[in-house]
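Per numbering that gives the first Met the number 0: the sequence shown = residues 0 to 84.
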Amino acid sequence: MLLLGGNMYWIKRLVQSIDTVKITVGKIQRASVISQTEFATFKEHCITDRDVVHTRLNDHSNTLKRHGEEIATIKEKIKHKDHET
0 MLLLGGNMYW IKRLVQSIDT VKITVGKIQR ASVISQTEFA TFKEHCITDR DVVHTRLNDH
60 SNTLKRHGEE IATIKEKIKH KDHET
């Protein structure tokens, strides 16, 4: 009887531990789903922002290229006028 009582005590503790683990696993699963959703949203924002940044950088690059060409033209005209005098 004493042995049976001891076994029941350990079985009861095992069941309580298993119940605690089930609750913890459920919380982890919910947190994981929330994290995945937040990550997906963050990823979408990054893709959108990346496209905006690339567009702006390309615009700036084109502007710098145009300014470089204009500066080269101005320098050439100044150089040409200096040689005429």
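Backbone N, C-alpha and C define an ideal beta-carbon position, used for all residues, glycine too. It should be emphasised that the depicted structure is a prediction, and the values quoted were computed from it without experimental measurement.
Euclidean distance between Cα positions of residue i and residue j
i      : j      : result
Gln-40 : Arg-55 : What sits at residue 40 in the sequence shown is Thr, not Gln. Near 23 Å, if we compare the C-alpha coordinates of Arg-55 and Thr-40.
Ser-60 : Thr-23 : 53 Å
Met-7  : Ile-17 : 15 Å
Asp-58 : Asp-48 : 15 Å
Ala-71 : Val-52 : 28 Å
Ile-73 : Thr-62 : 16 Å
Gly-5  : Lys-11 : 10 Å
Ile-77 : His-44 : 49 Å
Gly-25 : Gln-35 : 15 Å
Reduced DSSP category for residue i - H, G, I as helix; E, B as strand; rest coil
i     : result
Met-0 : coil
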